[in-house]
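In our numbering, the protein residues as written are 30 to 137.
First the structure, in the form of structure tokens, and then the observations on it.
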Ligand code: 2BA
């Protein structure tokens, strides 16, 4: 068994959740905060058989968009990105995905 931990933007979380549930899989949505923007995002926890990992990643690719966020320059450490005056464009998402081995799973 694998645990997929996927960090997605709040705007995409409903669509991702619906797609995963629609595929007959189970998922938990956790409200989270990105360390860089210190803004809300969503973490999805999805326990699946190894054979279903690619399915979940495919659904995340379909439902989670990459977006650009305009951020004040002073709050951004990396100075090498394209700038708009005192602002910088920061690309965010679609989804940041970790796939972990599950040593043990049971529901009691
Ligand atoms: P945040 O930490 O709020 O990061 C938002 C976006 O800011 C990132 O988008 C990235 O484009 C930029 N960014 C973050 N840290 C940076 C840095 N040190 N230097 C330059 N730019 C930086 P994404 O990469 O798409 O990440 C979206 C969210 O996914 C992150 O929100 C964070 O909550 C999570 N995340 C991404 N990578 C992670 C990792 N390796 N471990 C844990 N969480 C991660």
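Think of the CB as a built atom: it goes at the ideal place given N, C-alpha and C, for glycine as much as any other residue.
From a predicted model like this one, the values you see are computed outputs, not experimental measurements.
Local Cβ density within 10 Å of residue 59, reported as buried at 16 or more and exposed below that: Your numbering for residue 59 matches position 30 in the chain shown. Residue 59 comes out exposed.
Between 50, 73, 55, 52, which lies nearest to residue 62 when the distance is taken from Cα to Cα? Taking the chain shown and counting its residues from 1, one reaches residue 62 at position 33. Ranking 50, 73, 55, 52 by Cα distance to residue 62 puts 73 first.
Separation of residue 115 from residue 77, as counted between CA atoms: Counting from one through the chain shown, the residue named residue 77 turns up at place 48. Counting from one through the chain shown, the residue named residue 115 turns up at place 86. One C-alpha to the other measures close to 45 angstroms.
Helix, strand or coil: how does DSSP classify residue 51 here? For the purposes of this step, residue 51 is taken as the residue at position 22 of the chain shown. Residue state, collapsed to three classes: helix.
Taking 7 angstroms as the cut-off, is the CB of residue 101 close to at least one heavy atom of the ligand 2BA? In the chain shown, residue 101 corresponds to position 72, counting from 1. No, since every heavy atom of the ligand 2BA falls outside the 7 angstroms radius drawn around the Cβ of residue 101.
Return the bridge partner residues of residue 100 from the DSSP annotation. Translated into the one-based positions of the chain shown, residue 100 becomes position 71. Answer is 117, bridged to residue 100.
Of the residues 86, 119, 67, 128, which one's Cα is nearest the Cα of residue 45? As a first step, residue 45 must be located in the chain shown, where it is residue number 16. Residue 45 has its Cα closest to that of 86, out of 86, 119, 67, 128.
Going by C-alpha distance, which of 43, 90, 75 is nearest residue 30? For this step, residue 30 is matched to residue 1 along the chain shown. Nearest C-alpha to residue 30: 75.
With 16 as the cutoff for other CB atoms within 10 Å, does residue 83 come out buried or exposed? Along the chain shown, one-based indexing puts residue 83 at 54. Answer is exposed; the Cβ neighbour count stays below 16.
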